[in-house]
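Below: one structure, written as structure tokens.
Residue numbers (mature numbering (1 follows the signal peptide of the UniProt record, and there is no 0)): -19 to -1, 1 to 354.
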């Protein structure tokens, strides 16, 4: 896997730092806003391979792509983790002035957000409305999938599609197909596919990951014999291909960053809508695309309930800066991500400047994509 190691070395630098170091770094500043983007929790399978006997709906009474009880628990626990991490920042009692929640219009992401909020905001004091039910409804906003370029990112932009097709047929991906031809053949024999490109591996990795977490007896006998590094890398390439070039990043993820910066700018400028906490519930493809657009994707499909965290802080001399964290799994550990030349305590204006070439507002996006209201 020399090629894999080389790519990772070039495109990203991640530094893991313990909690006490984070406290020391941030001790002389004020936390003023937080944005989180997470993947939904554990789900039933949405796709699998032809030779899979367990993809039959008789094994999945919930239906395809639905949040499981384990997924609900995972997000409930993440909500409690947020409550603990931001105990001195986010009031215990829910207020519309403090938090805005947005999800893609998909059952599992909407339910993940609801489970997360149940852990973050158990009712307190006057908000207790049922003594035997420690839960309260909190609004979760969404828009139709076909309109959601901020979170769903399934672009309806003809320009994006053309650039994507060009990138996918580029020399890089052609060489990948040649380099891993033997692995393609091996996995084809196991799965029943005729594998020709990397998108098959994202489907396979997703199915095996679902089974591993739901019922490991559903895993095929050959799963352990697969080269996991190759499988994970090729699946990761599938997620990275949506943001393979700068222009793909701009058209694919640009509206996300514009939305994020609009929210943070409202806090910096103390405008009317300057809520403390922005919660975004989406998919592994969303998280991977955002990571890759910032140059910090590790070519591993984001895990269930994995979470990107932006913390906007204000120093004692009035300067705003960003720290970016990645919570990869259900443990308490977080990584600090360093975006290009901007490391820890990255000046907010500098962070925006770094990402400006791939940031685009929706009006410009629609114009460039020739979309008419």
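Built from N, CA and C at the ideal position, the CB exists for glycine as well.
Judged by pairs of C-beta atoms under 8 Å, the stretch 283 to 300 touches the stretch 12 to 25, as three or more such pairs exist. In the three-state scheme derived from DSSP, where H, G and I count as helix and E and B as strand, residue 73 is classed as coil. Between residue 286 and residue 311, the CB-CB gap stays under 8 Å. Burial is judged here by how many other beta carbons sit within 10 angstroms of a residue's own beta carbon; residue 244 has at least 16 and is buried.
DSSP places residue 33 outside both helix and strand once states are collapsed to three, so it counts as coil. In its own chain, leaving out the 5 sequence neighbours on each side, no residue places its CB closer than 6 Å to the CB of residue 205.
For residue 120, the closest C-alpha among the options 339, 260, 322, 274 is that of 260. Looking at 267, 284, 319, the one whose alpha-carbon comes closest to that of residue 132 is 267.
About 6 Å separates the beta carbons of residue 125 and residue 86, which is inside the 8 Å limit, making them a contact pair.
Our two residues, residue 330 and residue 301, have alpha carbons roughly 8 Å apart in a direct line. Residue range 343 to 349 is occupied by the alpha helix (DSSP H) that includes residue 346. In the structure shown, the three-state DSSP call for residue 41 is coil.
When DSSP states are grouped into helix, strand and coil, residue 55 belongs to the helix group. The DSSP assignment places 227 to 249, 265 to 274 as complete runs of the alpha helix (DSSP H) inside the stretch 219 to 307, in order along the chain (cut-off: 4 residues).
If you look at residue 316, you'll find it isn't in any alpha helix (DSSP H); it sits in the beta strand (DSSP E) that goes 316 to 318.
For residue 10, there is no enclosing alpha helix (DSSP H); the enclosing beta strand (DSSP E) has its first and last residue at 10 to 20. Here residue 129 is buried: its Cβ has 16 or more other Cβ atoms, across all protein chains shown, within 10 Å.
Residue pairing for residue 327: DSSP places it in a beta bridge opposite 303. Within a 10 Å sphere around the beta-carbon of residue 92 sit 16 or more other beta-carbons, which makes this residue buried. DSSP places residue 190 in the uninterrupted alpha helix (DSSP H) bounded by 180 to 195.
In this structure, residue 186 and residue 218 do not form a Cβ contact; the two beta carbons are roughly 11 Å apart against a cut-off of 8 Å. Inclusion of residue 195 and residue 23 in the CB contact set at 8 Å is warranted, their separation being smaller than that value. A residue is called buried once 16 or more other Cβ atoms fall within 10 Å of its Cβ, and residue 29 is buried on that count.
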